[in-house]
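Q: I am attaching a structure below and will ask some questions about it afterwards.
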Amino acid sequence: MDAADDELAILQALHAHARAVGEDPDLVEDLIGLVRGFGSLDAAAEASAEAERRTDTQARELSAKIDLWCNLPDADRSRHR
Numbered sequence: 181m182d183a184a185d186d187e188l189a190i191l192q193a194l195h196a197h198a199r200a201v202g203e204d205p206d207l208v209e210d211l212i213g214l215v216r217g218f219g220s221l222d223a224a225a226e227a228s229a230e231a232e233r234r235t236d237t238q239a240r241e242l243s244a245k246i247d248l249w250c251n252l253p254d255a256d257r258s259r260h261r
């Protein structure tokens, strides 16, 4: 049994426990989906961090373009529309 199988077994036990005590198992179901989709919670966390880094980079690039646009004289703005 590898680490992903261990994580999945633990999460499935948590899911069964949540259902048995009448709690909402949605969070555990989401975590099970992440382990199945990414292979482990660590891999899911790394994928999430990478997506966040890409989003941050795109936001900085867009902000720079907006700043450039806002600093253009009015005549230049009309030519670039």
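Heads up, the sequence shown is in this note's numbering, so the first residue is 181 and it goes up one at a time. Glycine included, each C-beta is placed from N, C-alpha and C at the ideal position. A quick note: this is a predicted structure, and the numbers were derived from the prediction, not measured.
Just to confirm the assignment, what range does the alpha helix (DSSP H) spanning E241 have?
A: In the sequence shown, counting from the first residue as 1, residue 241 sits at position 61. E241 -> alpha helix (DSSP H) spans 221-251.
Q: Out of curiosity, what's the CA-to-CA distance linking D222 and L191?
A: The sequence position of residue 222 within the sequence shown is 42, counting from 1. The sequence position of residue 191 within the sequence shown is 11, counting from 1. Each residue's Cα considered, the two are about 14 Å apart.
Q: Let's test the definition: count the other Cβ atoms within 10 Å of the Cβ of L252 and tell me whether it reaches 16, buried, or not, exposed.
A: Within the sequence shown, the letter at position 72 stands for residue 252. Answer is exposed; the Cβ neighbour count stays below 16.
Q: Quick check on this structure: which residue in H195, D236, G202 has the alpha carbon closest to the alpha carbon of D210?
A: Working through the sequence shown from its first residue, we reach residue 210 at position 30. Checking every option, the nearest Cα to that of D210 belongs to H195.
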